[in-house]
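Enquirer: So the sequence shown is residues 2 to 610, counted in my numbering.
Quick one: the structure is below, questions incoming.
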Amino acid sequence: MEKRIDLNKLVENPINNFTKPILANLFNVYKEFVNQELINPSREQFDEMIALEQKITNIDQHLAQERKAHKVGARTTANVFIIIFSVLIIGLFFMSFLVKNNRILKKYREIESNYLNEQNSMIDQKNNHLLSIFANHSENDIKAAIWKRFNVNEIKNYKYQEIETAINLFNKDVKGIASISKYDIRNSVFYDLVLVYQYIQNIRTSASETRYNSKGESYVVTSVHDEPTPFIEYAGFNVIPTNYLPGLNFEETDALTSRQIAKMKKRGEYVLENEEFCKSYWFRYNKEIEFINYFSTSTQQRFLDYKSYITENKLKESKISKLLGSLILSNNYLTNDTYIPFHILSLTNNNPRITFNQIADYMYNQIYSSLVTTILNISKVYLQKNLAIENYETNANSFIATYKDQEKVDTTKSIHFIILNRIYERMFFDINHKNMDKLSWFELNKIYPINSNVDLYVIQNKSYYFEEQVDYSGQVPVPYKRYYPISEEKYVLHLKNLIDPEDIVGNTGAIFSKKQLVYTSMADLKKSNWIIPKIYEGLEKLNNIREIQQFLTLGNVYAVIDDTGVYLFFNSRTNYSETRKSDLENYNVFIQIATYLYNFIESEINNRF
């Protein structure tokens, strides 16, 4: 694959050698992705979909011609006037025209109805093709494919210690990691990170009543209630771990004014020698010597060049912070709502006639802002030359620099993070409570190795539900919502060592029939659909086992296939804190499910290969 970015030149000028060439080629690279990874693997389906789009348009044109030929507009208008004038007797002379018009209009409506029924069927088929073509991809998958074409590779060896400082710096009540992507860039790494966090805010409600005094004069009495209310939100960041100057912490603040600089000098406080830099950037920091080393004279000038580029191109700049071993920059465009079929379902509901090209453009617009922000954030970090040549190692005790990309890509996979990514991304789980109006989050509670090939993950799905209450403490009763924590237990079975991705399926699509039971998620697997119905068949057979059937009826079951195995997501719809069997009873059921399904799929694979 062509390397469009020479990462060894990153140290020379990250703006000219990284930012500019990527932004100049971004849309073309996206179109290349669409052709190579969406259209080509589904060529037959794509061609049929395009043909359907054309047929839908042809029907519109044909109906317009029929409408014109039958003079529908003129006849409808004439009928209105005939009916109006018939009240005045005059219209009675034109009743024969009314009868004739109605006969012709009825014929047209029959033609129109037949064509529209045919067209609606085509629209449904077209939208099913759209779902199938996009089904293997999330927005994160698309971004990873784009980065790869620029010689930046996604890796899945997520390490909590590399992002822990970013979580601490955020200084919020962080509930979890809603999305995480990690990339190898030269001999270092960077993260796209989305945190889910909670904050409490008083919500004031009020109620008023009109009352009367002894003189019959009216007055209004108002009471208020302040209720501490939880809110759940997401925050996005780019994180670049480093071993450079590990004791230095700094946080970008507002730039200094000339007056502030003069006062600082008068007080004997240190100010960097380039006053123009200080008027564009300033920082809180903990160690002066390390701060001076980081922001050398040449680094200050590179920051000023970066500021000029940002300003000239009307781009948005993120503030940079360094805490111990991480550089952190905000990226508010990052999101966990990335699974494309959910977007397509929403888009086709709002506009059933939406086309492939319109959805492709929509997806590009969805990822564009977060990608551009990440590109600019990386460039800002690598304005410091030592960071641009770092050979980063997680547990290294010292800073290591290399002047050439070693082109080693870590292939280790962190299954725990992968599972949480999929849960947030695809929203397999939800809480079964009618009074839910807050976002939820997920916590990995326990991991049970059922055997060497199967692990059971117990996930807590947490949020808040509300109850309508009334505050009677004031002169007027005040209604308000009070929120209470809620938690439901969900389960994920991971069947490992089962499938060689080179042997199975690629662009299999998602099965949206049969209770939306089975999904696939890996785009680069070879095209074949054989495993999907086999998994469904296995689950159907499980439903015939009484003990398991009783458990499976608690909620939906979803399956995901990728290069790490088969995952089953059990969206249990019972609040186990209220009604549940013992852990042992439930987990014994999962042992039966896992053992049966593993042996069933393994047998099918052996029979096939």
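Beta carbons are placed, not taken as given, at the ideal position from N, Cα and C, and that holds for glycine.
Treat the numbers as computed from the prediction; the structure is a model and nothing was measured.
From the DSSP output, in three-state form, read off Glu276 for me.
Expert: Note: Glu276 maps to helix in three-state DSSP.
Enquirer: How about the stretch 342-358 and the stretch 307-314: do they share at least three Cβ pairs that are nearer than 8 Å?
Expert: Result no; under three Cβ-Cβ pairs closer than 8 Å.
Enquirer: In terms of residues, what are the limits of the beta strand (DSSP E) holding Pro242?
Expert: Segment Ser219 to Pro242, the beta strand (DSSP E) holding Pro242.
Enquirer: Check whether the Cβ atoms of Ile401 and Glu408 lie closer than 8 Å to each other.
Expert: The answer is no: Cβ separation not under 8 Å.
Enquirer: Taking Ser399 as the reference, which of Val477, Pro486, Ile168 and Gly248 has the closest Cα?
Expert: The shortest Cα separation from Ser399 among Val477, Pro486, Ile168 and Gly248 belongs to Gly248.
Enquirer: Which of the three DSSP states, helix, strand or coil, is assigned to Thr35?
Expert: Before going on, a small fix: residue 35 reads as Val here, not Thr. Note: Val35 maps to helix in three-state DSSP.
Enquirer: Please confirm if the stretch 263-277 is in contact with the stretch 357-376, defined as three or more CB-CB distances below 8 Å between the two stretches.
Expert: No contact exists between the stretch 263-277 and the stretch 357-376.
Enquirer: At a threshold of 7 Å, does Glu489 count as lining the ligand ZN (C-beta to nearest heavy atom)?
Expert: Ligands are entirely absent from the displayed structure, and the ligand ZN is therefore not among its contents.
Enquirer: Which residues bound the beta strand (DSSP E) around Asp472?
Expert: Element bounds for Asp472: Val455 to Asp472.
Enquirer: Quick check on the burial criterion: 16 or more other C-beta atoms within 10 angstroms. Buried or exposed for Pro486?
Expert: Exposed, because fewer than 16 other Cβ atoms sit within 10 Å of the Cβ of Pro486.
Enquirer: Going by beta carbon distance, what residues of the same chain come within less than 7 Å of Lys288, once the five residues before and after it are set aside?
Expert: Once the five neighbours on either side are set aside, the close Cβ partners of Lys288 are Gly248 and Leu249.
Enquirer: Suppose contacts are defined by Cβ-Cβ distances below 8 Å. Is Met124 in contact with Ile57 by that definition?
Expert: One detail in the question is off: residue 124 reads as Ile in this sequence, not Met. Closer than 8 Å, so yes.
Enquirer: Can you check which of these residues, Phe443, Lys435 and His417, is closest to Phe429 by C-alpha distance?
Expert: Out of Phe443, Lys435 and His417, Phe443 has the C-alpha closest to the C-alpha of Phe429.
Enquirer: In its own chain, which residues sit with a C-beta less than 7 Å from the C-beta of Asn446, not counting the 5 before and 5 after it?
Expert: Closer than 7 Å at Cβ, skipping near neighbours: Val459, Ile460 and Gln461.
Enquirer: Please classify Ser215 as buried or exposed, where buried requires at least 16 neighbouring CB atoms within 10 angstroms.
Expert: So Ser215 counts as exposed.
Enquirer: Between the alpha carbons of Trp283 and Gln301, how many angstroms are there, rounded?
Expert: The straight-line gap from Cα to Cα measures roughly 11 Å.
Enquirer: If we require 4 or more residues per run, which alpha helix (DSSP H) segments fall completely within the stretch 313-369?
Expert: Taking only runs of at least 4 residues, the alpha helix (DSSP H) segments lying wholly in the stretch 313-369 are 341-351.
Enquirer: Does the beta-carbon distance from Tyr1 to Glu155 come in below 8 Å?
Expert: Outside the displayed range of the chain (2 to 610) lies residue 1, so it cannot be described from this structure.
Enquirer: Among the candidates Ile60, Lys160 and Pro450, whose CA atom is the shortest distance from the CA of Gly326?
Expert: Looking at the Cα atoms, Lys160 is the closest of the given residues.
Enquirer: Our contact map puts Tyr1 next to Ala179 with C-beta atoms below 8 Å; I'd like the distance itself, whole angstroms only.
Expert: The structure shown has nothing for residue 1, since the chain only spans 2 to 610.
Enquirer: Which same chain residues, not among the five before or five after Ser281, have their C-beta less than 8 Å away from its C-beta?
Expert: Excluding positions up to five away in sequence, the list reads Ala256, Phe304, Leu305 and Lys308.
Enquirer: Assign Ala560 to buried or exposed, taking buried as 16 or more other Cβ atoms, counted over all protein chains shown, within 10 Å of its Cβ.
Expert: Under this definition Ala560 is a buried residue.
Enquirer: Between the alpha carbons of Tyr492 and Tyr449, how many angstroms are there, rounded?
Expert: Straight-line Cα distance between these residues: approximately 11 Å.
Enquirer: Using three-state DSSP, classify Phe191 as helix, strand or coil.
Expert: It is a strand residue.
Enquirer: Are there 16 or more other CB atoms within 10 angstroms of the CB of Ser219, so buried, or fewer, so exposed?
Expert: Ser219 comes out exposed.
Enquirer: For the alpha helix (DSSP H) containing His417, list its first residue and its last residue.
Expert: Per DSSP, His417 belongs to the alpha helix (DSSP H) from Ile416 to Arg427.
Enquirer: Below 8 Å between beta carbons: does that hold for Arg205 and Asp174?
Expert: Not closer than 8 Å, so no.
Enquirer: Using the rule of at least 16 other Cβ atoms within 10 Å of the residue's Cβ for burial, across every protein chain shown, is Lys10 buried or exposed?
Expert: Exposed, since its Cβ has fewer than 16 Cβ neighbours within 10 Å.
Enquirer: From Pro231 to Arg483, what does the alpha carbon distance come to, in whole angstroms?
Expert: If I take the Cα positions, the gap works out to 10 Å.
Enquirer: What's the C-alpha gap between Asn128 and Arg187?
Expert: Taking the straight line joining both Cα atoms gives about 41 Å.
Enquirer: Should Ser209 be labelled buried (16 or more other beta-carbon atoms within 10 Å of its own) or exposed?
Expert: That one is exposed.
Enquirer: Using only the alpha-carbon positions, how far apart do Leu598 and Asn137 sit?
Expert: Taking the straight line joining both Cα atoms gives about 23 Å.
Enquirer: Return the bridge partner residues of Ile562 from the DSSP annotation.
Expert: Per DSSP, Val567.
Enquirer: Considering just the uninterrupted stretch of the beta strand (DSSP E) at Arg150, what are its terminal residues?
Expert: From DSSP, Arg150 is part of no beta strand (DSSP E) but of the alpha helix (DSSP H) over Glu140 to Arg150.
Enquirer: Tell me the DSSP bridge mates of His1?
Expert: For the chain, the structure presents residues 2 to 610; residue 1 sits outside this window and is missing.
Enquirer: Per DSSP, what are the beta-bridge partners of Thr211 in this structure?
Expert: DSSP, once it has assigned bridges, lists Val221 as partnering Thr211.
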